[in-house]
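Take a look at the structure set out below.
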């Protein structure tokens with residue numbers, strides 16, 4: 197299963213040389229995976245559930261990319277108060293922990309560099325959000341599923357792939373995951 201951005205410059209089938217039927221894809225603004233929520237994010241949850249429980253995917257890969265407009269928006273939008281869009285700001289705020297971490301660690305850097313750091317850190321937030329899905333956690337515990345992060349720099353023509361190690365124990369809340377990864381919610 198692959199989570200990728202809606203941006204047409206970063207087609208995962210092209211970047212990863214997939215043939216039709218080789219990967220189950222979910223594409224959205226800034227390739228974000230929201231935390232488990234049966235009401236608010238039912239569409240994404242249904243895709244993950246179908247891929248894990250019915251297709252029996254062995255990997256879930258979240259791929260970020262260079263020059264992401266969604267991440268630029270996340271870094272630009274104010275954290276609180278009214279929004280100027282109907283959907284976009286609320287969606288990208290899924291990765292507010294990434295923004296807060298980047299500002300804490302790279303707040304003195306130029307805005308484009310902050311965005312570049314956030315493009316990768318938002319992938320890690322999405323990977324952590326996958327842990328809030330009980331069927332994903334179950335697959336990780338049983339070692340039938342693995343989570344990986346990726347980053348495609350289409351300007352340099354490079355692709356990075358990484359995994360995150362999570363010590364799995366009883367079910368974790370989003371707050372527990374944030375505490376483990378030292379994120380500010």
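Residue numbers (this note's numbering): 197 to 381. By construction, the Cβ of each residue, glycine as well, lies at the ideal position given by its N, Cα and C atoms. In this text the structure is predicted, and so the values were computed from the model without any measurement.
message: If contacts are defined as beta-carbon pairs under 8 Å, then residue 310 and residue 298 qualify, I think. What distance do you get, rounded to the angstrom?
response: 5 Å
- request: Could you tell me which of 332, 286 and 275 sits nearest to residue 244, measuring between CA atoms?
  value: 332
message: If you follow the alpha helix (DSSP H) that residue 320 is in, where does it begin and where does it stop?
response: From DSSP, the alpha helix (DSSP H) with residue 320 extends over 307-326.
- request: Could you tell me whether the Cβ atoms of residue 222 and residue 230 are closer together than 8 Å?
  value: No.
field: For residue 221, the first and last residue of its enclosing beta strand (DSSP E)
entry: Residue 221 -> beta strand (DSSP E) spans 221-224.
- request: Could you spell out where the alpha helix (DSSP H) holding residue 243 opens and where it closes?
  value: Boundaries of the alpha helix (DSSP H) harbouring residue 243: 238-245, taken from the DSSP string.
- request: Identify which residue in 343, 235 and 329 has its Cα closest to the Cα of residue 254.
  value: Nearest C-alpha to residue 254: 343.
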